[in-house]
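Below is one structure, written out as structure tokens, with a few remarks after it.
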Amino acid sequence: MSDETPSRRLALVGNPNSGKTTLFNALTGLRQKVGNYPGVTVEKKEGRLTVGETEVTLIDLPGVYSLSARSLDERITRDVVLGRQTDTPPPEGILAIADASNLERNLYLVTQVMELGRPVWLALNMMDLAEAKGLVFDLDRLSQGLGIPVVPIVASKGIGLETLRRKLVGPLPAVPTRQWRLPQVIEAEVSALAEQLRQRRWATDAAAEGEAIRLLLNEPAEDDTPPPADIQAAVAAARERLEAMGIEWWSAEAEGRYGWIQTLCRAAIQQPGQFQRTTSDRIDAIVTHRLWGPVLFAGLMLFIFQSIFTWAQVPMDAIGWMMDRLGALVREHLPAGELNDLVVDGVIAGVGAVVTFLPQILILTLFIALLEDTGYMARAAFIMDRLMRRVGLSGKSFIPLLSSFACAIPGITATRTIENAKDRLVTILIAPLMSCSARLPVYALMIGACFPADRRLWGVFSLPGVVLFAMYALGILVALAMGWLFKKTLIRGASPPLILELPPYRLPSPRTVLLTMFSAGGQFLYRAGTVILAISIVLWFLATHPRSVTLSRDYAAERAAITQTGQMSGEEAANRLQALERLEKAERRERSFIGRAGKLIEPVIAPLGFNWKIGVGIISAFAAREVFVGTLAIVYGIGDDKDAAGNQALHAALQADRYADGRPVFSPLVAVSVMVFFVLAMQCMSTLAVVWRETNTWRWPVVMFAYMTVLAYVGSLLVYQGGRWLGFGP
Amino acid sequence: MTLDALAIGATARVERVRGGRAVAQRLQEMGLTTGVVVKLIRVAPLGDPLEIELRGYRLSLRKDEAAAIEVSPGE
């Protein structure tokens, strides 16, 4: 007997909207590991659960409708299960999940999964909804017909999960055999090809027939790894023979599978009449209404942006206050000197200014997760498809673009559901124009400092909310224009079809929504603790060195003069001293490395309305956008301001900053110019890296960086010079 | 007739899916195979795409694709 813990590796496979993620979360809880399959952005998610003695590793595969491998998601699913994905050991069995209220279409994938040569369990999810729909299941008959164990569950309520868990660690079920049949001539070709695949060791004995069907009856994707040449030749010859007989081989698989599934479902499920009016229909009567649909969509977006500002205020102030207290505490207790300065002015000021925006990011991800989980996202694509088509894309591009509001990286990941390679590329190229959550801190700072919060437009909308909405809208409009341009020039191609499931509306699962929200928050904090921390330290050094510079006045002597004369009252002397200290600090900063760099680029950015401090902020933001805020905090020396909460202090410092001639540095026009720059510029190394990995060439990241930087400069130039010409102030 | 010509609320039986193989295969995988009964539920606010019901679920596709699906009216 071995004393090792028994363990098992299983893969979780199912259609989109089948409740796969909910089941995965319910089974594994927080014991999840998220990564990427090498070379592609398909998310690799593994979770663990312990049942009795047995340790089960569950691999969550992407939601797919079929294994025909035309899209990246389908290919990854097929490769992982067949053990062709080099970094992932093949699973010993497959847990298939199907939506019981939509079983016919869900079983299409299940029957394909059953031909991969592994044991399969079927979790029949959403039994409650199916029963509410009036469906009555004969589960024994279903299980016998399919030849695999079937477990009814309601993943969102935890019903049936205990039974499922125990089944998963029980004896492995027998590898299922194919029950459905193709027309005889095609069957003969499949058998011959399967035999060849076995001999060439391209597939295991049990998986050979399934592989033969996939190869013979599916149009291959252009970028899939082709089988060996002799097999390709055999496939081509077999297709020719079939075509000579007038057989449309490309229809055979779907016709065969669905024919068999329909017969099985008629025997195992009692259904009331088709086409009943459901609650979803009543909701959709409004949500996709000719007039109310678009109005609701716009209103929803506006509401989200409003709430990002209003709801987040209290927790943001609280975080700002805490950072401030922390700074003061360190200032007191650490011996004065370089280290003290570094921690307070560099680390706490820089990282703290960014961390303050965590509540806004949590709220934004909350809304996006809610829209996704309720089923509204698909309606958004349905409503927007016509518009997206105008620019040569489809409603499917709309979902990745909407996700890019949280972050372009998951947005670019979501493009893998777009089958058409050209469309996918165009969507990737324009996704970073959607205002991601890293831009939010920049917008929030500029709006907070330069637009009064109590001003209202048309009595209802607060001015800050409207300005923020305008920035998001600008990103969308420019993205659409660029999409159109790319489709007309660099990446020509016809508009691909839209084939999109509209799932019924569902109450969101709090667990899924919260997990999504916290994982986004965690990633943000991780970045703050790594990239932003490092940049803050470097910036602090550059902003405070060289230490020995020749200053325009002898500050030390002037200070001595104030304290020694004794002619002033104590209060006045303190005020004079403080003012003197500020002046010295400002001058030292101007003569620091960073000040010199900023001054060097000032002539280039002055036409945009930016001074050297904004210039420094923009340079450092090329590593990550939110760094802009921390940089301004460091450049404006906020770390040592002990009286005010972090954010308010930065607002005050920006408002107080003047040019030599007394003009304010931050007018509303400058704030808009800064924001427009951030809307359009490519300032995110991680996104460029993902695009490179995704497209496998440096060409597209370079194109992306170049076109966006040019757009940003020209856009800000137009805003600032145009605004001045129109008389919108300095 | 073809699917795009169906009136809102009307049902029809799929006869055949024409058009490019890749698109035809995708439509068939989603359940649009011979003999299946579909119902046109609604048209999107801007006139395209369509929403249809088949096999107990809702699918959205454009008029262009619907025009490649031959149907015979009635159940």
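Going down the list, the sequences are from chains A and B. So for the first sequence, our numbering puts the first residue at 950; every next one is plus one. So for the second sequence, our numbering puts the first residue at 11; every next one is plus one. Note that beta-carbon positions come from the ideal geometry of N, C-alpha and C, so glycine has one too.
Judged by their CB atoms, Ala78 (chain B) and Gly29 (chain B) are nearer to each other than the 8 Å cut-off. For Tyr67 (chain B), there is no enclosing alpha helix (DSSP H); the residue is part of the beta strand (DSSP E) that begins and ends at Tyr67 to Leu71. The beta carbon of Gly1579 (chain A) sits closer than 6 Å to those of Gly1299, Ala1302, Val1303 and Ser1485, all from its chain and outside the five residues before and after it, given in chain order. Contact residues of the region 31-47 of chain B toward chain A are Arg31, Ala32, Val33, Ala34, Gln35, Arg36, Leu37, Gln38, Glu39, Met40, Gly41, Leu42, Thr43, Thr44, Gly45, Val46 and Val47 (C-beta to C-beta distance below 9 Å).
Counting only Cβ-Cβ distances below 8 Å, Gln1219 (chain A) has no contacts in chain B at all, with the closest Cβ about 13 Å away. Among the residues facing chain A, Leu71 (chain B) is included, as its CB has a counterpart in that chain under 8 Å away.
For Lys1082 (chain A), there is no enclosing alpha helix (DSSP H), as DSSP marks it with neither H nor E. Taken in chain order, the unbroken stretches of beta strand (DSSP E) that lie wholly in the region 1409-1461 of chain A and span 3 residues or more are 1448-1450.
Residue range Leu60 to Leu64 is occupied by the beta strand (DSSP E) that includes Glu61 (chain B). Judged by DSSP secondary structure, Thr971 (chain A) falls within the alpha helix (DSSP H) whose first and last residues are Lys969 to Thr977.
Residue contact with chain B for Asp1334 (chain A): present (Cβ-Cβ distance below 8 Å to some residue of chain B). For the region 1020-1054 of chain A, the set of residues with a beta-carbon nearer than 9 Å to any beta-carbon of chain B comprises Asp1048, Ser1050, Asn1051, Leu1052, Glu1053 and Arg1054, in chain order. Tyr1475 (chain A) is classed as exposed because its beta carbon has fewer than 16 other beta carbons within 10 Å across all chains shown.
In terms of Cα proximity to Phe1542 (chain A), the closest of A:Phe1435, A:Leu1581, A:Thr1126 and A:Phe1490 is A:Phe1490. Secondary structure at Leu959 (chain A): strand, using DSSP grouped into helix, strand and coil. Within 10 angstroms of the beta-carbon of Val1085 (chain A) lie fewer than 16 other beta-carbons, which makes it exposed. Contacts with chain B at 8 Å (Cβ-Cβ) do not include Thr1364 (chain A).
A Cβ of chain B is located within less than 8 Å of the beta carbon of Ala1203 (chain A). Interface annotation, Pro83 (chain B): not in contact with chain A, CB-CB separation never under 8 Å. Taking all protein chains in view, the Cβ of Pro1284 (chain A) is surrounded by fewer than 16 other Cβ atoms within 10 Å, so the residue is classified as exposed.
By the CB criterion at 8 Å, Val1584 (chain A) and Lys1562 (chain A) fall inside the cutoff.
Taking C-beta atoms under 8 Å as the contact rule, Ser1092 (chain A) and Pro1098 (chain A) qualify, at a distance of about 6 Å. Sequence-distant partners of Asp1154 (chain A) (beyond 5 residues in either direction) whose C-beta falls short of 7 Å from its own C-beta, in its chain, are Arg1147. Taking a cut-off of 8 Å for Cβ pairs, the region 1316-1333 of chain A and the region 1426-1438 of chain A do not touch, as fewer than three such pairs fall below it.
Listed along chain A, no residue sits closer than 8 Å to Ala17 (chain B) by beta-carbon distance, the nearest being about 14 Å off.
Beta-bridge analysis with DSSP links Thr1006 (chain A) to A:Arg958 and A:Arg997.
For Arg1019 (chain A), no pairing in a beta bridge is given by DSSP.
With respect to the C-alpha of Ala1141 (chain A), the residue from A:Arg1114, A:Arg1274 and A:Glu1160 having the closest C-alpha is A:Glu1160. Rounded to the nearest whole angstrom, the CA to CA distance from Leu1307 (chain A) to Phe1354 (chain A) is 15 Å.
Not one beta carbon of chain B lies nearer than 8 Å to the beta carbon of Pro1175 (chain A).
Interface annotation, Asp14 (chain B): not in contact with chain A, CB-CB separation never under 8 Å. In the DSSP secondary-structure assignment, Thr1646 (chain A) is not bridged to any residue.
Assignment of beta-bridge partners to Leu1044 (chain A) by DSSP yields A:Leu961 and A:Trp1070.
Looking only at A:Thr1003, A:Ala1157, A:Val1391 and A:Val1639, the smallest Cα-Cα distance to Lys1116 (chain A) is reached by A:Thr1003. For Leu1342 (chain A), the secondary structure class from DSSP, reduced to helix, strand or coil, is coil.
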